[in-house]
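What follows is a single structure, written as structure tokens, with notes after it.
Okay, here's the thing in structure tokens:
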């Protein structure tokens, strides 16, 4: 039979475990390196149903960003799915408004906790070279000179309530 003292101890352990799982982690040095307009049909890492041919030609924007954090190691360690938000900057972060295409990529592989090494050949070598690694995300075509500043941030998490959040980076105007 559990005594009151044992119940309090068990509740404290569970509470501590839950607060540990709900920690927010993520890089604090995200920097947008470039924005390039690309064609969806040429970006092979972006999924498309093969039975719908041809692959459509859609003008989209590729955002390259850098960080010294090994995002794949972070995702694996905490079982994080890694996503992102691009939209108008605000005092509360980024207002989500620009449609994403896929997730976060390095080379041809998507970065999330289930990514196998074979899906990102050369990644370990790039991280070892450091100090920063450049990743890519894709969104609806961004205006070259937006009416208000646009920002980028990483977000994500796991099934235990763990959260991934990065700093907010301003997206520079592009040609």
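Residue numbers (the numbering used here): 25 to 199.
Backbone N, C-alpha and C fix where the C-beta goes; we use that ideal spot for every residue, glycine too.
Please report the straight-line C-alpha distance between residue 99 and residue 194, rounded to a whole angstrom. 24 Å
Which residues in the same chain have their Cβ closer than 6 Å to the Cβ of residue 117, if we skip the five residues on either side of it in sequence? 192
I need the DSSP call for residue 75, collapsed to helix, strand or coil. coil
Between the region 97 to 111 and the region 181 to 191, do three or more beta carbon pairs fall short of 8 Å? Yes, the region 97 to 111 touches the region 181 to 191.
Contact set for residue 147: own chain, Cβ-Cβ below 6 Å, skip 5 residues either direction: 130
Between residue 45 and the rest of its own chain, which residues show a CB-CB distance below 6 Å, the 5 nearest in sequence each way excluded? Low per-residue confidence applies at residue 45: pLDDT is 43, beneath 50, and the placement is therefore not dependable, though the value from the model is reported in the following sentence. Only 184, 185 and 186 meet the Cβ criterion.
Can you list the alpha helix (DSSP H) stretches of 4 or more residues lying completely in the region 53 to 109, in chain order? 95 to 102
For residue 95, the nearest candidate out of 160, 113, 126 and 119 (CA to CA): 160
For the structure I just gave you, are there three or more beta carbon pairs, one from the region 126 to 143 and one from the region 69 to 82, closer than 8 Å? Contact between the region 126 to 143 and the region 69 to 82 is present, because at least three Cβ pairs lie under 8 Å.
What runs of the alpha helix (DSSP H), each 4 residues or longer, lie entirely inside the region 160 to 185? none
Would you list the one or two residues that DSSP bridges to residue 139? None; residue 139 has no bridge partner.
State the start and end residues of the unbroken beta strand (DSSP E) segment that holds residue 187. 187 to 189
Run through DSSP, which three-state label would residue 151 get? helix
Reducing DSSP to helix, strand and coil, say where residue 156 ends up. coil
Where residue 171 falls, given that 16 or more other Cβ within 10 Å makes a residue buried: Exposed is the label assigned to residue 171, since fewer than 16 other Cβ atoms lie within 10 Å of its Cβ.
Kindly list the residues whose CB is nearer than 8 Å to the CB of residue 74, restricted to its own chain and excluding five residues on each side of it in sequence; keep chain order. none
Near residue 156, which residues of its chain fall below 7 Å by C-beta distance, leaving aside the five closest residues on each side in sequence? 90, 91 and 92
Determine the extent of the beta strand (DSSP E) in which residue 145 is found, giving its start and end residues. Careful: residue 145 lies outside any beta strand (DSSP E) and carries neither H nor E.
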